[in-house]
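Residue numbers for the sequence shown follow the UniProt record's numbering, so the first one is 1 and each next one is one higher. Glycine included, C-beta positions come from ideal geometry on N, C-alpha and C.
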Amino acid sequence: EIQELTEPSVLFRGNTLTTKSMDQLQRLICRRYLYDTLHPWLMDLYEEKHSMEVDPRRLPANVHQNPATMALNRAHLLYHVQLLLNCLFASPGRVPPILKAIYGQIRENARNHFMKGGEKKEEEKDKEEREEEE
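The structure is reproduced here in structure tokens:
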């Protein structure tokens, strides 16, 4: 499927056989990883008593018209998103090896296809070297 694409931005879009297959594979092999990685974060989130709603349409008028309350909600949301990202970025050693291998192969195939056999890669290296010299 990669060979049929003209834009890398659409690589995982659509309901292709590959996308559906990857979804199913991830459901089968990633449960333990997700539990180990996200369970502590989810428990903290569940116990959170502060609102994180930032959509004014979903808040009572007296709340969404109060800038301080909206700022506090936004701060709580950003805090928990940062905690989530910290959990994910701290967990590469727990990602199932088969998933790493598959996504590594997809990355390599996409790189080869979209970089036209490495020609652009060499151009990018030359550009980076020139920028470093400046």
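{"Query": "Cβ contact (3+ pairs, closer than 8 Å) linking the stretch 6-23 and the stretch 82-98", "Result": "no"}
{"Query": "Segments assigned alpha helix (DSSP H), at least 4 residues, entirely inside the stretch 11-48", "Result": "17-29 and 31-47"}
{"Query": "Under 9 Å between C-beta atoms of residue 76 and residue 50", "Result": "yes"}
{"Query": "Length of the line joining the Cα atoms of residue 6 and residue 27", "Result": "29 Å"}
{"Query": "N- and C-terminal bounds of the alpha helix (DSSP H) containing residue 81", "Result": "67-89"}
{"Query": "Separation of residue 85 from residue 40, as counted between CA atoms", "Result": "13 Å"}
{"Query": "Of the residues 3, 31 and 30, the one placed nearest residue 18, counting alpha carbons only", "Result": "3"}
{"Query": "Which listed residue (67, 80 and 88) has its alpha carbon closest to that of residue 45", "Result": "80"}
{"Query": "Outcome for residue 88 when other beta-carbon atoms lying within 10 angstroms are tallied against a minimum of 16", "Result": "exposed"}
{"Query": "Buried versus exposed call for residue 62 [16 or more other C-beta atoms within 10 Å across all chains shown]", "Result": "exposed"}
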